[in-house]
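Take a look at the structure set out below.
Numbering (my numbering), first residue to last: 1081 to 1477.
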C-alpha cells in the first residue's frame, strides 16, 4: 500500500463544503464513540448500523457518503482497540482512553463517493455534499494505477490548503545494488547520527533555527483580539510556519534514511523509547526536534522496499561498554570521548555505533540459527556478516 498526495485546487465555496464534510465525519466518529461508551462490548458491525441510523436521523449527516461514514466509525473502533491493547500490554502511564474529537482535519472515503477525471488530473466528490471537481496539483502520475487499485481517498485540511491522499493497493519494490557493507547507527543531539565507520551526519535543528520567527508570530497572535479576522490570519501564518518546520524535519528524515539504506546491506540502530526520553524537560525540545522515531520508521520502511536487513537493538550499555574489549567504562552525558584501559580511544558516539552493529549482527545470527557464531568482534565482523547475508538470500529465494 502506497499513499500519493496531491494539493486540491478549487474555489472558496468548494473549500467551505469540504469543511462541512470534515465536521460531519467528526460528528459520526464522536456519535459512534458515544454509542460504544453507552453499550460496552459493541463491535464494528454494530457501529456500521448506527451510521445508517444517523443518516436517517440527521439529514445533513446523510449527505456524507455511506462508506465515508463507515470510515469515521472505524476511526472510533481503532481508538478503542488501541486502548485495550495498551491495557493488555500493561503500558505504563495513561492507556489512551478514547476521547471525543474537537478539531478533526480530515475526512476519508473508501471506494465510492469520488471519481477521477479522464486525464486523472482532477477528482470529483459525488456524495450529497456535491463539493464538485478539484484539480490535483502534484508531480506523481496516476496513469500507472487503475481506479480499482485506489482503496481510500483521504481529504486533509492544513494551514496552507487542502490535500487529497490516495491510498493505492500496490507493493513498492525498488531494485538496489549490493554493497557488502554493514553499519551500526547511533543517533544523538550533537550529530544527528554517527555510524560504525565513524561517519557523521550533522543535526539540522529545524525547530531551533525557526524558533525566533515562531516566537514573533506567536506574539502577533497574542496581541490580536479573540474572535477577530486579524487573529485568524495571524493563527494561519503561525500554522504555516509550524507546517514548514515539520516538513523540513520529515524531508531530512526521509533523505537521510534513504542514503543509509542505499549505501549498506545491513543496518542496526537503537530502539529508543523516545516517549520516555522527552520526559527530561531540559532535552525534550532538542529530542523532539531531532525526530529519531520518524527516522527509525523510515529506516524500517525503506529497508523493506529495497530488500535490505534493518534491525533494531536494545540501547542499554551501548555507550558504556568498550567496543574493542567489552569492558564497561562509566561515563556521564558530558563525557564525549571513550577511553578504555585496553588502549581504545574513540568518540563516544562512534564507540556506541560499533556496539550497536555488534548487537545487530549477533541478533541476526541468532535469528538465522547460527548460534555457534555469536561471538563477535566489532572491529572485524566481515565473516559473520557474509554468513548472515548468504543465509538471508537463501531464505528469500
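Beta carbons are placed, not taken as given, at the ideal position from N, Cα and C, and that holds for glycine.
Cα-Cα separation between residue i and residue j, rounded to whole angstroms
{"i": "residue 1251", "j": "residue 1381", "result": "12 Å"}
{"i": "residue 1389", "j": "residue 1231", "result": "29 Å"}
{"i": "residue 1279", "j": "residue 1347", "result": "14 Å"}
{"i": "residue 1112", "j": "residue 1126", "result": "9 Å"}
{"i": "residue 1148", "j": "residue 1160", "result": "19 Å"}
{"i": "residue 1089", "j": "residue 1197", "result": "14 Å"}
{"i": "residue 1410", "j": "residue 1356", "result": "22 Å"}
{"i": "residue 1440", "j": "residue 1358", "result": "25 Å"}
{"i": "residue 1318", "j": "residue 1393", "result": "39 Å"}
{"i": "residue 1276", "j": "residue 1433", "result": "5 Å"}
{"i": "residue 1243", "j": "residue 1401", "result": "48 Å"}
{"i": "residue 1092", "j": "residue 1399", "result": "55 Å"}
{"i": "residue 1424", "j": "residue 1446", "result": "28 Å"}
{"i": "residue 1419", "j": "residue 1342", "result": "33 Å"}
{"i": "residue 1153", "j": "residue 1247", "result": "19 Å"}
{"i": "residue 1379", "j": "residue 1338", "result": "7 Å"}
{"i": "residue 1217", "j": "residue 1233", "result": "15 Å"}
{"i": "residue 1235", "j": "residue 1179", "result": "22 Å"}
{"i": "residue 1205", "j": "residue 1101", "result": "11 Å"}
{"i": "residue 1213", "j": "residue 1336", "result": "37 Å"}
{"i": "residue 1455", "j": "residue 1288", "result": "Note that residue 1455 has pLDDT 40, beneath the 50 cutoff, so the model's placement of it is unreliable and the number below is only indicative. If you take the alpha carbons of residue 1455 and residue 1288, they lie about 43 Å apart."}
{"i": "residue 1151", "j": "residue 1116", "result": "16 Å"}
{"i": "residue 1135", "j": "residue 1175", "result": "32 Å"}
{"i": "residue 1096", "j": "residue 1131", "result": "23 Å"}
{"i": "residue 1158", "j": "residue 1406", "result": "45 Å"}
{"i": "residue 1414", "j": "residue 1281", "result": "20 Å"}
{"i": "residue 1474", "j": "residue 1258", "result": "Note that residue 1474 has pLDDT 37, beneath the 50 cutoff, so the model's placement of it is unreliable and no number is given."}
{"i": "residue 1139", "j": "residue 1170", "result": "43 Å"}
{"i": "residue 1327", "j": "residue 1372", "result": "15 Å"}
{"i": "residue 1365", "j": "residue 1395", "result": "21 Å"}
{"i": "residue 1195", "j": "residue 1442", "result": "51 Å"}
{"i": "residue 1108", "j": "residue 1128", "result": "10 Å"}
{"i": "residue 1165", "j": "residue 1177", "result": "11 Å"}
{"i": "residue 1120", "j": "residue 1114", "result": "10 Å"}
{"i": "residue 1226", "j": "residue 1241", "result": "27 Å"}
{"i": "residue 1325", "j": "residue 1168", "result": "36 Å"}
CB of residue i within 9 Å of CB of residue j, strictly
{"i": "residue 1349", "j": "residue 1370", "result": "no"}
{"i": "residue 1438", "j": "residue 1422", "result": "no"}
{"i": "residue 1304", "j": "residue 1293", "result": "no"}
{"i": "residue 1144", "j": "residue 1184", "result": "no"}
{"i": "residue 1245", "j": "residue 1133", "result": "no"}
{"i": "residue 1290", "j": "residue 1330", "result": "no"}
{"i": "residue 1387", "j": "residue 1286", "result": "no"}
{"i": "residue 1162", "j": "residue 1188", "result": "no"}
{"i": "residue 1106", "j": "residue 1211", "result": "no"}
{"i": "residue 1363", "j": "residue 1267", "result": "no"}
{"i": "residue 1118", "j": "residue 1237", "result": "no"}
{"i": "residue 1385", "j": "residue 1203", "result": "no"}
{"i": "residue 1086", "j": "residue 1300", "result": "no"}
{"i": "residue 1391", "j": "residue 1444", "result": "yes"}
{"i": "residue 1142", "j": "residue 1193", "result": "no"}
Assumed close pair residue i, residue j - CB separation to whole angstroms, cut-off 8 Å
{"i": "residue 1427", "j": "residue 1417", "result": "6 Å"}
{"i": "residue 1436", "j": "residue 1264", "result": "4 Å"}
{"i": "residue 1283", "j": "residue 1269", "result": "6 Å"}
{"i": "residue 1374", "j": "residue 1340", "result": "Contact doesn't hold; Cβ gap of about 14 Å is too wide."}
{"i": "residue 1110", "j": "residue 1200", "result": "Actually they are not in contact, since the Cβ atoms of residue 1110 and residue 1200 sit about 35 Å apart, beyond 8 Å."}
{"i": "residue 1228", "j": "residue 1081", "result": "The Cβ separation is near 14 Å, so there is no contact."}
{"i": "residue 1310", "j": "residue 1239", "result": "That pair is no contact at about 16 Å."}
{"i": "residue 1262", "j": "residue 1344", "result": "6 Å"}
{"i": "residue 1408", "j": "residue 1397", "result": "7 Å"}
DSSP bridge partner residues for residue i (one or two, in chain order)
{"i": "residue 1441", "result": "DSSP, once it has assigned bridges, lists no residue as partnering residue 1441."}
{"i": "residue 1418", "result": "1426"}
{"i": "residue 1271", "result": "1282"}
{"i": "residue 1216", "result": "1088"}
{"i": "residue 1408", "result": "1401"}
{"i": "residue 1082", "result": "1248"}
{"i": "residue 1142", "result": "Bridge partners of residue 1142: none, in fact."}
{"i": "residue 1132", "result": "Per DSSP, none; premise fails for residue 1132."}
{"i": "residue 1262", "result": "1346"}
Heavy atom of the ligand FAD within 8 Å of residue i beta-carbon
{"i": "residue 1315", "result": "This structure lacks the ligand FAD, and indeed carries no ligand of any kind."}
Task: Those runs of the beta strand (DSSP E) which lie wholly inside the segment 1353–1400 and span at least 3 residues - done: 1389–1393
Open item on the list: Going residue by residue through the segment 1291–1354, where are the continuous alpha helix (DSSP H) segments of at least 4 residues, counting only ones entirely within it?
Closed with: 1309–1342
Open item on the list: I'd like the ranges of any beta strand (DSSP E) spanning at least 3 consecutive residues and lying wholly in the segment 1222–1258.
Closed with: 1230–1238 and 1241–1248
Open item on the list: Quick check for students: name the residue ranges of the beta strand (DSSP E) that lie wholly in the segment 1161–1207, counting only runs of 3 or more.
Closed with: 1186–1189, 1194–1196 and 1202–1205
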